[in-house]
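Quick notes on the structure that follows.
Residue numbers (our numbering): 152 to 236.
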C-alpha cells in the first residue's frame, strides 16, 4: 500500500503538478489525523469501561460491608436485649 502511494506521489512531482500533489498531501494528512482520532476514541472507550468495572467492583465491596455491618448491629441489639432482661 505504501508503495502505491509512493508511486502516485513521485508521478505527481515528476509531472510538475504541484497543486495536485498538494491536494494529495493534504488528503494523506487528513487520513492520518482521522486514524489518530479513531485510536483516541477507542482508547477513551476502553478507559471508561475499565473505570466503570472498577467502580462497580468497589460498589460491590461497599454493599458487602454494609450487609456485614447490618448483621453485626443485629447481633449487638440482640445481646443488649438479653442483658436488659
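Ideal placement from N, C-alpha and C gives every residue a C-beta, glycine not left out. Computed from a predicted model, the values in this text were never measured in an experiment.
{"Query": "Just the Cα atoms here: how many angstroms apart are residue 158 and residue 203?", "Result": "47 Å"}
{"Query": "Could you tell me the distance, in whole angstroms, from the CA atom of residue 190 to the CA atom of residue 162?", "Result": "31 Å"}
{"Query": "The alpha helix (DSSP H) that contains residue 236, what's its start and end?", "Result": "Segment: none, residue 236 is in no alpha helix (DSSP H) and carries neither H nor E."}
{"Query": "Just to confirm, is the Cβ distance from residue 130 to residue 175 under 7 Å?", "Result": "The structure shown does not extend to residue 130, since the chain is modelled only from 152 through 236, so no value can be given for it."}
{"Query": "State the Cα-Cα distance for the pair residue 230 and residue 222, rounded to the nearest angstrom.", "Result": "13 Å"}
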